[in-house]
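Here is the structure we will look at, set down as structure tokens.
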Amino acid sequence: MLFNSIDFIVFLPIVFVLYWMVKSNLKVQNFLVLTASYIFYGWWDWRFLSLIFFSTIVDYFVGLSLNRQDNLRKRRLLLLTSIVVNIGFLGFFKYYNFFLENFATAFTFFGGTIDAERLEIILPVGISFYTFQTMSYTIDVYRKKLEPTKDFIAFASFVSFFPQLVAGPIVRAKQLLPQFYIQRTFVYTKAADGLRQILWGIFKKVVIADNCAEYVNYIFDRPEKFDGSTLLLGGVLFAFQIYGDFSGYSDIAIGTSRLFGIDLPKNFAFPYFSRDIAEFWRRWHISLSTWFRDYVYIPLGGSRVRIGKQIRNVFIIFLVSGFWHGANWTFIIWGALNALFFLPLLLFKQNRNYLEVVAIDRRLPNFKELAMMGLTFFITVLAWIFFRAENLHHALEYLSGIFNSSLFSIPELPDFGGKKRAHPILYLLFGFILIEWIGRKDNHALENIGLGWNRLLRWSMYAFIIFIIGMYMQTHEMPFIYFQF
Numbered sequence: 003m004l005f006n007s008i009d010f011i012v013f014l015p016i017v018f019v020l021y022w023m024v025k026s027n028l029k030v031q032n033f034l035v036l037t038a039s040y041i042f043y044g045w046w047d048w049r050f051l052s053l054i055f056f057s058t059i060v061d062y063f064v065g066l067s068l069n070r071q072d073n074l075r076k077r078r079l080l081l082l083t084s085i086v087v088n089i090g091f092l093g094f095f096k097y098y099n100f101f102l103e104n105f106a107t108a109f110t111f112f113g114g115t116i117d118a119e120r121l122e123i124i125l126p127v128g129i130s131f132y133t134f135q136t137m138s139y140t141i142d143v144y145r146k147k148l149e150p151t152k153d154f155i156a157f158a159s160f161v162s163f164f165p166q167l168v169a170g171p172i173v174r175a176k177q178l179l180p181q182f183y184i185q186r187t188f189v190y191t192k193a194a195d196g197l198r199q200i201l202w203g204i205f206k207k208v209v210i211a212d213n214c215a216e217y218v219n220y221i222f223d224r225p226e227k228f229d230g231s232t233l234l235l236g237g238v239l240f241a242f243q244i245y246g247d248f249s250g251y252s253d254i255a256i257g258t259s260r261l262f263g264i265d266l267p268k269n270f271a272f273p274y275f276s277r278d279i280a281e282f283w284r285r286w287h288i289s290l291s292t293w294f295r296d297y298v299y300i301p302l303g304g305s306r307v308r309i310g311k312q313i314r315n316v317f318i319i320f321l322v323s324g325f326w327h328g329a330n331w332t333f334i335i336w337g338a339l340n341a342l343f344f345l346p347l348l349l350f351k352q353n354r355n356y357l358e359v360v361a362i363d364r365r366l367p368n369f370k371e372l373a374m375m376g377l378t379f380f381i382t383v384l385a386w387i388f389f390r391a392e393n394l395h396h397a398l399e400y401l402s403g404i405f406n407s408s409l410f411s412i413p414e415l416p417d418f419g420g421k422k423r424a425h426p427i428l429y430l431l432f433g434f435i436l437i438e439w440i441g442r443k444d445n446h447a448l449e450n451i452g453l454g455w456n457r458l459l460r461w462s463m464y465a466f467i468i469f470i471i472g473m474y475m476q477t478h479e480m481p482f483i484y485f486q487f
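Position one of the sequence shown corresponds to residue 3 (the working numbering), numbered consecutively onward.
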């Protein structure tokens, strides 16, 4: 079920009303969450409910067994069981064909051939997200940082909680699971803020991401037809497409959760206002970055080891992050590029320089900050080209088209049969960046904008945003990019 679909518009109010009707009974309320979550996920393909249910069963009983077991060897075996089951499912559905094809290609280097038959495997939506979410539970129980739960309904609700089930944020067990143990009460201010965040998330997705996608798809599908400046603009538009699409999903998920009295962590913190690539990765897909930091980077030694191993750890983190996104060498190169961009900051110990919001007590950035943000955005766009490309040849062809004398020409966006919608999307992007800049200190852009205004003016602003959404909404549903991961 898509957030930007009629189905969800009908589904959400029904669940909301039923949820607060049974607020006096916590177990019934949790069971309703679980049922709603399975309906939400099964709406796409009910057959894959068995995967998420099996992972839930395994990790629930592994957690209970870890609590009863003191023998280190047996505890490690239990943890390994959880990891093998979860990574096994993820590996088969997401990476089987990738490894098969690359193994067959490598085999030819030795003068032999191998008959490798590709399987037609459907990737279950959200498997990368709920797999990491449920593994955080067993790892934390193993480390004795979390008490295992005996409440199966609460645990299953944590694993499958529908607002963030298919595209995050990836919420740790210690952050979300305890919220299913306590009675939730409806708080108007929290729900109102949730609605504002949902509204801004829909704007990001429907107005920014989906309209940028028209131009991005057109330009990336035929890079040989455009000059360097237009190809670069196509990369910039993809940067806004993926940001609007993914952070928009996170905003809708977090806002929807607040309607149900449940708090999810921030997943994006205005990353395109970053002054270096280290700050960017502290602000982009925060739940995944911190997951890899806590469960991979720190166990490898993090930054506490000698510089050679620090470099190794950085490359492992970024390469694994790239591979997490998909079974394609383009994602691995994307991860490697980000590691290379990060490396100078690590070597010169500059990777923790910018922990506060840019121009925190000023309306505008100074020239140095503006230049640093521009440079960071530029190298991020170059990396995004690999992320968007169909394969390495496509990415290299696209980049070679950028870096020639035509880079300094005036870009020309296609008009799609005379519609000439290029200028409106650029104006919308300008307004979008302005609103994001004003709200950069907050959890989301609309958190505090307009709260001090009179009611008529404030509601006029919300009505105008809704009008813009309706005006620029695509005539067909466009799935979120991260559904494929």
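Quick reminder that beta carbons are idealized off the backbone N, C-alpha and C, glycines included.
Since this is a predicted model, take the numbers as computed values, not measurements.
### Task
Leaving out five residues on either side along the sequence, give the residues of the same chain with a beta carbon under 8 angstroms from the beta carbon of Ile298.
By one-based count along the sequence shown, residue 298 stands at place 296. It is Val, not Ile, that sits at residue 298 in the sequence shown. Correct list, in chain order: Ile318, Ile319, Val322.
### Message
Can you give me the C-alpha to C-alpha distance between Phe466 and Gly196, rounded to a whole angstrom?
### Response
The residue you call residue 466 lines up with position 464 of the sequence shown. The residue you call residue 196 lines up with position 194 of the sequence shown. Between Phe466 and Gly196, the alpha-carbon positions lie close to 18 angstroms from each other.
### Query
Is Ser84 near Tyr132, with beta carbons less than 9 angstroms apart?
Taking the sequence shown and counting its residues from 1, one reaches residue 84 at position 82. Taking the sequence shown and counting its residues from 1, one reaches residue 132 at position 130. Not in contact: Ser84 and Tyr132 (Cβ atoms no closer than 9 angstroms).
### Query
Are the Cβ atoms of Arg186 and Phe262 separated by less than 9 angstroms?
Against the sequence shown, residue 186 aligns to sequence position 184. Against the sequence shown, residue 262 aligns to sequence position 260. Yes, Cβ-Cβ distance for Arg186 and Phe262 is below 9 angstroms.
### Query
Among residues of its own chain, excluding the 5 on either side of Leu239, which ones have a beta-carbon nearer than 6 angstroms to its beta-carbon?
By 1-based counting over the sequence shown, the position of residue 239 is 237. If we look at Leu239 and ignore the five residues flanking it on each side, its Cβ neighbours are Cys214, Tyr217, Val218.
#### Entry: Alpha-carbon spacing of Asn69 relative to Val60, whole angstroms
Within the sequence shown, numbered from 1, the residue matching residue 69 stands at position 67. Within the sequence shown, numbered from 1, the residue matching residue 60 stands at position 58. Going from the Cα of Asn69 to the Cα of Val60 covers about 14 angstroms.
### Message
If the criterion is Cβ atoms closer than 9 angstroms, does the pair Pro413 and Leu234 meet it?
### Response
Position 411 of the sequence shown, counted from the start, is the residue given in the question as residue 413. Position 232 of the sequence shown, counted from the start, is the residue given in the question as residue 234. A contact, by the Cβ cut-off of 9 angstroms.
### Query
Roughly how many angstroms lie between the CA atoms of Val168 and Ser252, to the nearest whole one?
Position 166 of the sequence shown holds residue 168. Position 250 of the sequence shown holds residue 252. The straight-line gap from Cα to Cα measures roughly 10 angstroms.
### Query
Can Phe242 and Phe432 be called in contact, C-beta distance under 9 angstroms?
Numbered from its first residue, the sequence shown carries residue 242 at position 240. Numbered from its first residue, the sequence shown carries residue 432 at position 430. Not in contact: Phe242 and Phe432 (Cβ atoms no closer than 9 angstroms).
### For Leu148 and Phe160, believed in contact at Cβ under 8 angstroms, the rounded distance
Here residue 160 corresponds to residue number 158 of the sequence shown, with the count starting at 1. Here residue 148 corresponds to residue number 146 of the sequence shown, with the count starting at 1. Actually they are not in contact, since the Cβ atoms of Phe160 and Leu148 sit about 11 angstroms apart, beyond 8 angstroms.
### Query
If you run the structure through DSSP and keep just helix, strand and coil, what is Val24?
Within the sequence shown, numbered from 1, the residue matching residue 24 stands at position 22. DSSP places Val24 in coil when its eight states are reduced to three.
#### Entry: Sequence-distant residues of its chain with Cβ nearer than 8 angstroms to Ser162 (five each side left out)
Taking the first residue of the sequence shown as 1, we reach residue 162 at position 160. So the list reads Leu36, Ser39, Tyr40, Tyr43, Ile54, Thr58, Tyr132, once near-sequence residues are dropped.
### Query
Below 8 angstroms, can you find three or more Cβ-Cβ pairs linking the stretch 298–311 to the stretch 456–475?
no
### Query
Do Ile204 and Phe5 have their C-beta atoms closer together than 9 angstroms?
Residue mapping note: residue 204 aligns to position 202 of the sequence shown, counting from 1. Residue mapping note: residue 5 aligns to position 3 of the sequence shown, counting from 1. Going by C-beta atoms, Ile204 is nearer than 9 angstroms to Phe5.
#### Entry: Backbone CA spacing between Ser408 and Ser231 [nearest angstrom]
Here residue 408 is taken as the residue at index 406 of the sequence shown, counted from 1. Here residue 231 is taken as the residue at index 229 of the sequence shown, counted from 1. The straight-line gap from Cα to Cα measures roughly 6 angstroms.
### Task
Rounded to whole angstroms, what's the CA-CA distance from Asn330 to Ser462? Just pull it up for me.
Within the sequence shown, residue 330 is the residue found at index 328, counting from 1. Within the sequence shown, residue 462 is the residue found at index 460, counting from 1. Whole-angstrom Cα-Cα distance: 46 angstroms.
### Query
Can Tyr183 and Ala158 be called in contact, C-beta distance under 9 angstroms?
For this step, residue 183 is matched to residue 181 along the sequence shown. For this step, residue 158 is matched to residue 156 along the sequence shown. The answer is no: Cβ separation not under 9 angstroms.
### Query
Roughly how many angstroms separate the alpha carbons of Ala92 and His478, rounded to a whole number?
Numbered from 1 along the sequence shown, position 90 holds the residue referred to as residue 92. Numbered from 1 along the sequence shown, position 476 holds the residue referred to as residue 478. Before going further, note that residue 92 is Leu rather than Ala in the sequence given. Answer to the nearest angstrom: the Cα atoms are 30 angstroms apart.
### Query
Between the beta-carbon of Gln135 and the beta-carbon of Val173, is there less than 9 angstroms?
Stepping through the sequence shown from its first residue, residue 135 is reached at position 133. Stepping through the sequence shown from its first residue, residue 173 is reached at position 171. Against a cut-off of 9 angstroms, the Cβ pair of Val173 and Gln135 comes out as a contact.
### Query
Thr191 and Ile279: beta carbons closer than 9 angstroms?
For the purposes of this step, residue 191 is taken as residue 189 along the sequence shown, with counting starting at 1. For the purposes of this step, residue 279 is taken as residue 277 along the sequence shown, with counting starting at 1. Against a cut-off of 9 angstroms, the Cβ pair of Ile279 and Thr191 comes out as no contact.
### Message
Can you tell me whether Tyr429 is buried or exposed? The criterion is at least 16 other CB atoms within 10 Å of its CB, across all chains shown.
### Response
In the sequence shown, counting from the first residue as 1, residue 429 sits at position 427. With fewer than 16 other Cβ atoms within 10 Å, it is exposed.
### Query
Candidates Phe154, Ile254, Asp212: which alpha carbon is nearest Lys29's?
As a first step, residue 29 must be located in the sequence shown, where it is residue number 27. Out of Phe154, Ile254, Asp212, Phe154 has the C-alpha closest to the C-alpha of Lys29.
### Query
Taking Leu401 as the reference, which of Ser130, Phe482, Arg224, Asn88 has the closest Cα?
Working through the sequence shown from its first residue, we reach residue 401 at position 399. The residue with the shortest Cα to Cα distance from Leu401 is Arg224.
### Task
Please classify Ala194: is it buried, with 16 or more other beta-carbons within 10 angstroms of its beta-carbon, or exposed?
The count along the sequence shown starts at 1 and reaches residue 194 at position 192. With fewer than 16 other Cβ atoms within 10 Å, it is exposed.
### Query
Should Trp439 and Ala385 be called a contact, given that it needs their Cβ atoms to be closer than 9 angstroms?
Taking the first residue of the sequence shown as 1, we reach residue 439 at position 437. Taking the first residue of the sequence shown as 1, we reach residue 385 at position 383. Their beta carbons are not under 9 angstroms apart, which means Trp439 does not touch Ala385 by this criterion.
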